[in-house]
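J.: Let me give you the structure first, and then I'll get to my questions.
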Amino acid sequence: TVVTAHKSGLVRIWDCLVVEQPKVIRTFRSIHNGAISVLGLHTLSGSHSGTVLATGGTEGTVKVWDLTSQYFTHNFRTSSTVCSTLTFHPHKLLLYGGFSTGGLFCWDLTKSELVKSMEAHFSVVTAFSISSCGLKGVFCGWDALFVVWDLTLHCKESTVSVFIPLKGMVMMEHSLKVVLATCDKLTVWDLNTPS
56 TVVTAHKSGL VRIWDCLVVE QPKVIRTFRS IHNGAISVLG LHTLSGSHSG
106 TVLATGGTEG TVKVWDLTSQ YFTHNFRTSS TVCSTLTFHP HKLLLYGGFS
156 TGGLFCWDLT KSELVKSMEA HFSVVTAFSI SSCGLKGVFC GWDALFVVWD
206 LTLHCKESTV SVFIPLKGMV MMEHSLKVVL ATCDKLTVWD LNTPS
């Protein structure tokens, strides 16, 4: 499944099983007041099975959609502006959002409430990755920082300056290492010894 957002405010869900001829299986209006800046797609398992889509807007809101049952479930408002990254927790019904103003937020999807406002960045948050065990998370930003978080308490473990703006990041599977993307290179950092 591929999901696309369009300037018209429409969201389209595509079936790409046949790569040569993908087809639209559903279209709906996003109900954002502005454009959608980022999408996050997550497949739930266990008692909450199905596929969930999060859409982050340029007006500072995040909306969540249950694509399996085909309905809108959550609307989270922030004082920030453009949503720049969305990540679902791999084992809990939590959604993390980063914003252009440096804001970091964690929402509980079962209670429909803000769990924690996480302060660490001074400019655009460009990526967030969570370890496969779900215990640690790493935000990085345009302010040349990446911050390691304890996701059980939602507290900062360490802040590392890399002295160059970070455009993106991926956490390596089954490892506490991240690949950081800067303007001109990729760097691997071991989070056990981040400095």
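According to our numbering, the sequence shown is numbered sequentially starting from 56.
Yeah, the Cβ is synthetic: ideal placement off N, Cα and C, and Gly gets one too.
Out of V73, T156, A109, V57, which has the shortest C-alpha to C-alpha gap to W197?
T.: Selected option, being the one with the closest Cα: T156.
J.: Taking Cβ to Cβ, would you say V137 is nearer than 7 angstroms to L94?
T.: Note that the C-beta distance between V137 and L94 is not below 7 angstroms.
J.: What span of residues does the beta strand (DSSP E) with T213 cover, start to end?
T.: The sequence given here has Ser at residue 213, not Thr. From DSSP, the beta strand (DSSP E) with S213 extends over 210 to 216.
J.: Starting from the Cα of G112, find the closest Cα among K147, L241, R132, H146 and give me that residue.
T.: Considering only alpha carbons, the answer is R132.
J.: To the nearest angstrom, report how far apart C195 and G105 are at their CA atoms.
T.: 29 angstroms
J.: Please go through the same chain and pick out, in chain order, the residues whose beta-carbon is closer than 8 angstroms to the beta-carbon of L148, but skip the five residues on each side of it.
T.: L99, H103, D163, L164, T165
J.: Quick check: what's the CA-CA separation for S230 versus A182?
T.: 18 angstroms
J.: Quick check on DSSP: helix, strand or coil for D198?
T.: coil
J.: Please give the ranges of any beta strand (DSSP E) in the region 64 to 98, keeping only runs that are unbroken, at least 3 residues long and fully inside the region.
T.: Fully enclosed beta strand (DSSP E) runs of 3 or longer: 65 to 70, 78 to 84.
J.: Is M273 helix, strand or coil when you go by DSSP?
T.: Residue numbering for the chain in the displayed model covers 56 to 250; residue 273 lies beyond these limits and cannot be assessed.
J.: Start and end of the beta strand (DSSP E) containing H129?
T.: Residues 126 to 132.
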